[in-house]
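In terms of the numbering used here, the sequence shown is residues 42 to 370. Notes to accompany the following structure.
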Amino acid sequence: MTDIVLLPGDGIGPEIVEAVCSILDAAGADLKYHTFDIGQTSYDKCGELIPAETLEAIKKYKVALKGPVTTPVGKGFRSVNVNLRLAFDLYTNLRPAYSFANISKYQNVDIVTVRENTEDLYIGEEHEIENGFEAIKRITVPATDRIIRYAFEYAKENNRKKVTCIHKANILKQTDGLFLARFREIAKEYPTIAFDDKIIDNMCMQLVMYPEKYDVLVAPNLYGDIISDLIAGLVGGLGLVPGANLGKDVAIFEAVHGSAPDIAGQGIANPIALLQAAVMMLDHMGKKEIGKKITDAILKTLNDGKALTKDLGGSATTKELTNAIIANL
Ligand code: NAI
Numbered sequence: 042m043t044d045i046v047l048l049p050g051d052g053i054g055p056e057i058v059e060a061v062c063s064i065l066d067a068a069g070a071d072l073k074y075h076t077f078d079i080g081q082t083s084y085d086k087c088g089e090l091i092p093a094e095t096l097e098a099i100k101k102y103k104v105a106l107k108g109p110v111t112t113p114v115g116k117g118f119r120s121v122n123v124n125l126r127l128a129f130d131l132y133t134n135l136r137p138a139y140s141f142a143n144i145s146k147y148q149n150v151d152i153v154t155v156r157e158n159t160e161d162l163y164i165g166e167e168h169e170i171e172n173g174f175e176a177i178k179r180i181t182v183p184a185t186d187r188i189i190r191y192a193f194e195y196a197k198e199n200n201r202k203k204v205t206c207i208h209k210a211n212i213l214k215q216t217d218g219l220f221l222a223r224f225r226e227i228a229k230e231y232p233t234i235a236f237d238d239k240i241i242d243n244m245c246m247q248l249v250m251y252p253e254k255y256d257v258l259v260a261p262n263l264y265g266d267i268i269s270d271l272i273a274g275l276v277g278g279l280g281l282v283p284g285a286n287l288g289k290d291v292a293i294f295e296a297v298h299g300s301a302p303d304i305a306g307q308g309i310a311n312p313i314a315l316l317q318a319a320v321m322m323l324d325h326m327g328k329k330e331i332g333k334k335i336t337d338a339i340l341k342t343l344n345d346g347k348a349l350t351k352d353l354g355g356s357a358t359t360k361e362l363t364n365a366i367i368a369n370l
């Protein structure tokens with residue numbers, strides 16, 4: 042058995058985590074779950090968004106499967122996700138998205154977003170100025186170099202052809218200017234991989250019009266966050282796309298979506314995004330065959346189209362979709 046930390050989180054988190062664990066067990070993933078609180082659920086119990094014992098467990102077991110969390114709105118609450126990424130230096134946010142037959146509006150998408158996960162505007166440094174506030178956008182050479190190298194190494198290892206850098210260097214000449222300059226420099230180390238760059242606004246239009254032209258994208262934190270939601274929309278919505286937060290020692294796998302308070306507790310959430318994150322986790326652990334078995338079952342279930350949740354245009358419950366995937370394993 043392989044130990045992992047399970048973080049059910051808030052909103053639809055516990056519902057989809059339960060569904061995903063039942064599929065992992067049925068597929069023979071052979072995992073031992075160590076369950077810990079995080080987010081609003083934890084705050085309500087003990088006054089901490091990330092209790093020390095949760096951090097300790099992640100440090101010990103090194104791999105976590107995480108449900109979404111709700112960040113309480115108000116002063117003094119930093120995002121749980123940002124804090125986790127900083128606590129374990131999870132500098133890469135890897136978000137693959139590809140088209141699903143019968144489901145996706147676009148049938149020609151196969152894009153991996155590599156998002157820098159530790160700096161940019163997400164450092165959360167804001168301060169008051171006369172008549173308003175300012176936020177700090179931080180871009181440094183070490184953080185930029187390691188994410189750009191990760192993107193090129195990922196492309197090399199996964200037989201990808203092109204890496205595109207996303208930026209706004211025309212306006213942000215020093216911060217995004219640095220990101221783009223380092224990208225162009227590091228690209229020279231990978232002569233077999235094509236590279237280009239796009240300004241974020243043009244990139245949004247390009248992705249909607251010609252998604253087939255894009256392969257691996259690398260971006261500072263904010264643009265990566267936005268663009269990966271846009272790409273999720275191209276392939277069928279947030280209920281389908283996964284993400285991995287990767288550092289040197291620790292890896293945390295989660296869906297791209299949030300805690301979906303509008304549908305929490307109704308038993309209608311789509312568990313596939315988190316399930317796909319679990320497949321990335323299995324790959325990371327060297328259990329690729331189990332991951333492939335689950336991916337095939339997801340594709341068959343989506344193709345059958347008989348047990349689709351509401352976000353996919355059906356009326357199935359989380360349980361019905363889960364059972365259909367298990368039956369297709
Ligand atoms: P959201 O992603 O939770 O929901 C956006 C829309 O997508 C909603 O209509 C929701 O019902 C739908 N949706 C999301 N996941 C779904 C699923 N699995 N199945 C079916 N429909 C699904 O974004 P929102 O509403 O902006 O954020 C809610 C909370 O989640 C906020 O507190 C936010 O801070 C947090 N959040 C947490 C994230 C994380 O923990 N990784 C990521 C994004 C937001």
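Note that beta-carbon positions come from the ideal geometry of N, C-alpha and C, so glycine has one too.
Residue i burial status per 10 Å Cβ neighbour count (16 or more: buried)
i: F174; result: exposed
i: I144; result: buried
i: S356; result: exposed
i: R225; result: exposed
i: G327; result: exposed
i: V182; result: exposed
Spatial neighbours of residue i in its chain, beta-carbon cut-off 7 Å, leaving aside the 5 residues before and after
i: P92; result: D78, S83
i: G346; result: N143
i: E56; result: G308, A310, T359
Range of the contiguous alpha helix (DSSP H) that encloses residue i
i: V291; result: No alpha helix (DSSP H) holds V291; DSSP gives it neither H nor E.
i: V320; result: 313-325
i: L90; result: Unbroken run through L90: none, as it is neither H nor E.
i: F193; result: 182-198
i: V249; result: 241-250
i: K221; result: The sequence shown places Leu at residue 221, rather than the Lys named in the question. Its alpha helix (DSSP H) spans residues 216-228.
Residue i - containing beta strand (DSSP E), residue span
i: K73; result: 72-76
i: P137; result: 133-139
i: L47; result: 43-48
Distance cut-off 6 Å: residue i Cβ against heavy atoms of the ligand NAI
i: H298; result: yes
i: I304; result: yes
i: P252; result: no
i: P261; result: no
i: D352; result: yes
i: L343; result: no
i: G274; result: no
i: V46; result: no
i: G265; result: no
i: I76; result: First, the residue type needs correcting, since residue 76 is Thr and not Ile in the sequence shown. It does not: the Cβ of T76 is nowhere closer than 6 Å to a heavy atom of the ligand NAI.
Candidates the options: closest to residue i by CA position
i: A368; options: K289, L219, L340; result: L340
i: L135; options: I57, T159, G284; result: G284
i: N122; options: I309, N262, A310; result: N262
i: Q307; options: T342, G288, T358, D345; result: T358
i: L72; options: N200, E56, A105; result: A105
i: A67; options: T350, I335, T342, D345; result: I335
i: P113; options: E97, K100, E89; result: E89
i: V291; options: Y74, F129, G69; result: F129
i: K254; options: T159, R187, R179, K202; result: K202
Beta-carbon contacts of residue i that lie in its chain and below 6 Å, excluding the five residues immediately before and after
i: E166; result: I177
i: D217; result: H208, K209, A210
i: A196; result: V204, I234, V257
Distance cut-off 6 Å: residue i Cβ against heavy atoms of the ligand PLP
i: A338; result: Annotation note on the ligand PLP: not contained in the displayed structure, which lists the ligand NAI as its ligands.
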